[in-house]
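A.B. asks:
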Amino acid sequence: MKTSPKIKKAASSKPAKPKKEPNFLDTVYAIVRRIPKGRVTSYGAIAERAGIRLSARMVGWAMNAAGSAPKPVPAHRVVNSKGLLTGKHHFPTPTLMQELLEAEGIEVKNDQVQHFDKVFWNPPLPKKKA
DNA sequence: GTCGTGACTTCCA
DNA sequence: CTGGAAGCCACGA
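Anchor point for the first sequence: position 58 equals 58 in UniProt numbering, and the numbering is continuous, going up by one each time.
Written out as structure tokens, the structure reads:
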């Protein structure tokens, strides 16, 4: 009995997921900002949690945008799968990234994170939690 | 409107 | 085991 058999449910269609960010960019920020101090994560891990494992590159782009992000993003805690500070060149200063990591208690040698598997932080699902 | 690049990852030979 | 290529989305010129 629908007077209109073809009417769309709720005038304004809202098929999009209410919990999904408009763009994975915000999702990446959310995850990166959840990185605890003294821990680092990799682009792939974030990308995987963001649901774009095949687009790990975009994570890097997101970090690039992080410099322009409305909120500070600990991009220095994000390294590649090898624990290399690949993005250090994009920082205001190429040594800032290492300095920040060392300041957090992370050992960095030759642009490589020491004990990477120990300081590696597995990003949990970005559960919306107040 | 089209082409190219990019802070990566993963697969295949 | 090692090396090479492809893939993804977005932005810039």
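Note that the Cβ used here is the ideal one computed from N, Cα and C, for glycine as well.
Less than 8 Å between the CB atoms is what I'm expecting for D117 and Q98, so what's the real figure, rounded?
C.D. replies: Going by Cβ atoms, the distance from D117 to Q98 rounds to 19 Å, so no, they are not a contact pair.
A.B. asks: Considering just the uninterrupted stretch of the alpha helix (DSSP H) at T27, what are its terminal residues?
C.D. replies: Counting along the chain, the alpha helix (DSSP H) containing T27 begins and ends at F24 to R33.
A.B. asks: So A45 and N122 are in contact, right, with Cβ under 8 Å, and what is the actual spacing, rounded?
C.D. replies: So it is a contact: roughly 6 Å between Cβ atoms.
A.B. asks: Would you mind working out which of G38, R57 and G67 sits nearest A47, comparing C-alpha positions?
C.D. replies: The residue with the shortest Cα to Cα distance from A47 is R57.
A.B. asks: For residue 144, which residues of its own chain have a beta-carbon under 8 Å away from its beta-carbon, when the five flanking residues on both sides are left out?
C.D. replies: No statement about residue 144 is possible, as the shown extent of the chain runs from 1 to 130 and does not include it.
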